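A short write-up of the structure that comes next.
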Amino acid sequence: MLLAFFPLAFTSTCTAENCDFSKDLDQFAEAGTVILPISVDSVPTLREYKAKYQLRHDLLSDFKRDVSRRYGTLLDDKFFSGRAYFLIDKQGVLRWMHTEAQLGDRREDAELLRMIRAL
23 MLLAFFPLAF TSTCTAENCD FSKDLDQFAE AGTVILPISV DSVPTLREYK
73 AKYQLRHDLL SDFKRDVSRR YGTLLDDKFF SGRAYFLIDK QGVLRWMHTE
123 AQLGDRREDA ELLRMIRAL
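The sequence shown maps to residues 23 to 141 in the working numbering.
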């Protein structure tokens, strides 16, 4: 499983990232990985976002910020999460993680798929 924290729906980098996840969904599935993007946006906002961009994957809402706090991705001064990636294996073991230094930075799917296949 790839748990992918993203700051906010409808922003340029987050939209590019989620559209790429959707485009490459079959490659992630072939690698045995489910993508779970998660943001602090509300469920209705994420529903609208998914529909607008015709995303094929589910989006998780961390509206109460509990998950972001537990994973250490919450930016307290902004009250939303930074961009971070967590690869968790089928036994629930964290195998790899990466937190972006800048909100506009992101990992490309090709890099994520290489990491997944290397585990």
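Idealized CB from N, CA, C, for every residue including glycine. Every value quoted in this text rests on a predicted model; they were computed, and no experiment measured them.
Expressed to the nearest angstrom, what Euclidean distance is found between the alpha-carbon atoms of Y93 and H120?
11 angstroms
Please name the residue in F101, M137 and L47 whose C-alpha comes closest to that of K86.
Selected option, being the one with the closest Cα: F101.
With three or more beta-carbon pairs closer than 8 angstroms as the criterion, would you say the region 41–49 touches the region 101–118?
No, the region 41–49 does not touch the region 101–118.
Suppose you measure from the CA of L125 to the CA of D99; what does that come to, to the nearest Å?
About 13 angstroms.
C-alpha distance - L82 paired with L68, whole-angstrom precision
So the two alpha carbons sit approximately 8 angstroms from each other.
Closest residue to E133 among S103, T33 and A53 (Cα-Cα distance)
A53
Taking the CB atoms as reference points, tell me whether L24 and I57 lie closer together than 8 angstroms.
Yes, Cβ-Cβ distance for L24 and I57 is below 8 angstroms.
To the nearest angstrom, how far is it from the Cα of D131 to the Cα of S34?
16 angstroms
Considering only residues of the same chain and omitting the five flanking positions on each side of L141, which have a CB-CB separation below 8 angstroms?
L109, D111, R117 and W118
Do you know how far the Cα of D84 is from the Cα of T95?
12 angstroms
Sort out for me which residues DSSP pairs L30 with in a bridge.
Answer is none; L30 lacks a bridge partner.
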